[in-house]
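Read through the structure below, which is laid out as structure tokens, and then see the notes.
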Amino acid sequence: MAVIDPRDKRRFGEDSTSLILSHASAAAKRLGVELVVQSDYLKIGDFEARRRGNMLEVGAVTAEIDDEQWEAFITLALSHFVNTQRPPDGEALRQFLFAIGITS
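If you count the sequence shown from 1, you need to add 273 to reach the numbering used here.
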């Protein structure tokens, strides 16, 4: 799984986050899945992620995270949902964390 560095998105003027959110909202509506995207909280069906300060919390998983990693995490989770038509699972979470540079 590849991720575009948020700094590159700003530098090249390419940020598809709003497009991904639009597609995720349409998919959630079509599938009857609750979707909540806030500055520090993400819910896709039964998948919930929260950012408290510099900590990411997803179920029992916690990790330090910075602003750019959080943005990338949200984008990856929404993209996963759009592409698979289901909320992220444990394997997807592991891939997201690896892609944004968080390893255990």
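We put the beta carbon where it would ideally sit given N, CA and C, even for glycine.
Item	Value
Buried or exposed by the 16-neighbour rule on C-beta atoms within 10 Å, applied to Leu308	buried
Assigned exposure category for Val300 - 16 Cβ within 10 Å defines buried	Note that residue 300 corresponds to Ala in the displayed sequence, not to Val. Per the 10 Å Cβ criterion, buried.
Assumed close pair Leu349, Ala372 - CB separation to whole angstroms, cut-off 8 Å	6 Å
Nonlocal neighbours in the same chain, by C-beta distance under 7 Å from Thr335, ignoring five residues either side	Met328, Leu329
Reference Val306; option with closest CA among Ser298, Thr376, Ile338	Ser298
Alpha carbon of Ala322 to alpha carbon of Gly374, nearest angstrom	17 Å
8 Å Cβ cutoff met for Leu304 and Gln358	yes
Closest residue to Gln311 among Leu294, Lys302, Asp319 (Cα-Cα distance)	Leu294
Assigned exposure category for Leu366 - 16 Cβ within 10 Å defines buried	buried
For Gly318, the nearest candidate out of Phe354, Leu370, Thr376, Glu364 (CA to CA)	Phe354
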